[in-house]
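Just so you know, the sequence shown maps onto residues 151 to 340 in our numbering.
From the three backbone atoms N, C-alpha and C, an ideal C-beta is built for every residue, glycine too.
Reviewing the structure listed below.
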Amino acid sequence: MLLIFLDTETTGLDPQKHRALEIAYKIVDPFSGKTLNRFESLVSQTPEVWAEADPASLAVNGFTWEETLEGISEKNVASEIINDFNRMALGEKEGAFICQNPTFDRSFFNQIVPVELQVHYGWPYHWLDLASMFFALTLKRDPKNARCLKESDLSKNAIASSLGLPKEASPHRAMQGVDHLLGCFQKLIL
151 MLLIFLDTET TGLDPQKHRA LEIAYKIVDP FSGKTLNRFE SLVSQTPEVW
201 AEADPASLAV NGFTWEETLE GISEKNVASE IINDFNRMAL GEKEGAFICQ
251 NPTFDRSFFN QIVPVELQVH YGWPYHWLDL ASMFFALTLK RDPKNARCLK
301 ESDLSKNAIA SSLGLPKEAS PHRAMQGVDH LLGCFQKLIL
């Protein structure tokens with residue numbers, strides 16, 4: 151099984167209204183730790199999409215309109231992702247996605263590569279999250295402290311801190327998020 155560590159940066163939190171500005175992933179063999187493939191791209195958006203952007207989200211990722219002009223279209227990003235996944239023969243039994251917040255990232259990934267295409271290609275459909283892994287392992291390794299965990303202790307930066315790793319640098323960028331997620335996963339699991 152291969153793991154697809156994925157992160158997106160977006161114009162906001164609502165996938166009904168907002169769009170992806172950047173997407174990145176690394177496809178990793180969890181047994182060797184070797185990165186087999188990586189992808190990152192800025193995603194161009196229209197002035198109309200940019201006009202709907204949430205200023206709070208843009209403050210987190212730091213993107214400017216000028217940077218989005220350097221991106222490629224969602225259609226071309228989708229084409230590159232499709233080529234990568236199909237070349238790697240990523241079937242539903244050969245992989246799983248890992249994100250900090252898979253509900254969020256999946257909704258924006260689905261805007262780029264619609265679910266119908268993912269099903270058509272037989273891609274992995276399991277989306278795992280780091281916070282659940284952290285909670286389960288904390289519960290198993292240290293039940294007393296697990297009882298004291300709060301929701302805020304499940305943020306990626308809080309998990310990183312508890313593992314002795316630095317917080318993710320700001321402004322957020324998708325590949326930086328992937329690398330931070332992968333570092334947390336490796337420290338947590340190994």
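Figure out for me which residue from 191, 206, 280 has the closest Cα to the Cα of residue 223.
-> Taking the sequence shown and counting its residues from 1, one reaches residue 223 at position 73. The shortest Cα separation from residue 223 among 191, 206, 280 belongs to 191.
Residue 221 to residue 301, Cα distance in whole Å?
-> Within the sequence shown, numbered from 1, the residue matching residue 221 stands at position 71. Within the sequence shown, numbered from 1, the residue matching residue 301 stands at position 151. Straight-line Cα distance between these residues: approximately 35 Å.
Would you mind giving the Cβ-Cβ distance between residue 306 and residue 250, rounded to the nearest angstrom? I have them listed as a contact below 8 Å.
-> The sequence position of residue 306 within the sequence shown is 156, counting from 1. The sequence position of residue 250 within the sequence shown is 100, counting from 1. Yes, residue 306 and residue 250 are in contact; Cβ-Cβ is about 4 Å, under 8 Å.
Neighbourhood of residue 165 by C-beta, 7 Å cutoff - its chain only, sequence neighbours within 5 removed | As a position in the sequence shown, residue 165 is number 15, starting the count at 1. These residues qualify, in order along the chain: 257, 258, 261.
Counting along the chain, where does the alpha helix (DSSP H) carrying residue 266 start and finish?
-> By 1-based counting over the sequence shown, the position of residue 266 is 116. 265-271 is the span of the alpha helix (DSSP H), which, as asked, contains residue 266.
For residue 294, count neighbouring C-beta atoms within 10 Å of its own C-beta (all shown protein chains included) and say buried if the count is 16 or more, exposed if not.
-> Working through the sequence shown from its first residue, we reach residue 294 at position 144. Its Cβ having fewer than 16 others within 10 Å, residue 294 is exposed.
Leaving out five residues before and five after residue 211 in sequence, what residues of the same chain have Cβ atoms less than 6 Å from its Cβ?
-> Numbered from 1 along the sequence shown, position 61 holds the residue referred to as residue 211. Same-chain partners within the cutoff: 159, 321, 322.
For residue 247 and residue 277, believed in contact at Cβ under 8 Å, the rounded distance | Locating residue 277 in the sequence shown gives position 127, counting from the first residue. Locating residue 247 in the sequence shown gives position 97, counting from the first residue. About 5 Å; that satisfies the 8 Å criterion.
Are the CB atoms of residue 179 and residue 156 nearer to each other than 9 Å?
-> Locating residue 179 in the sequence shown gives position 29, counting from the first residue. Locating residue 156 in the sequence shown gives position 6, counting from the first residue. No, they are not a contact pair.
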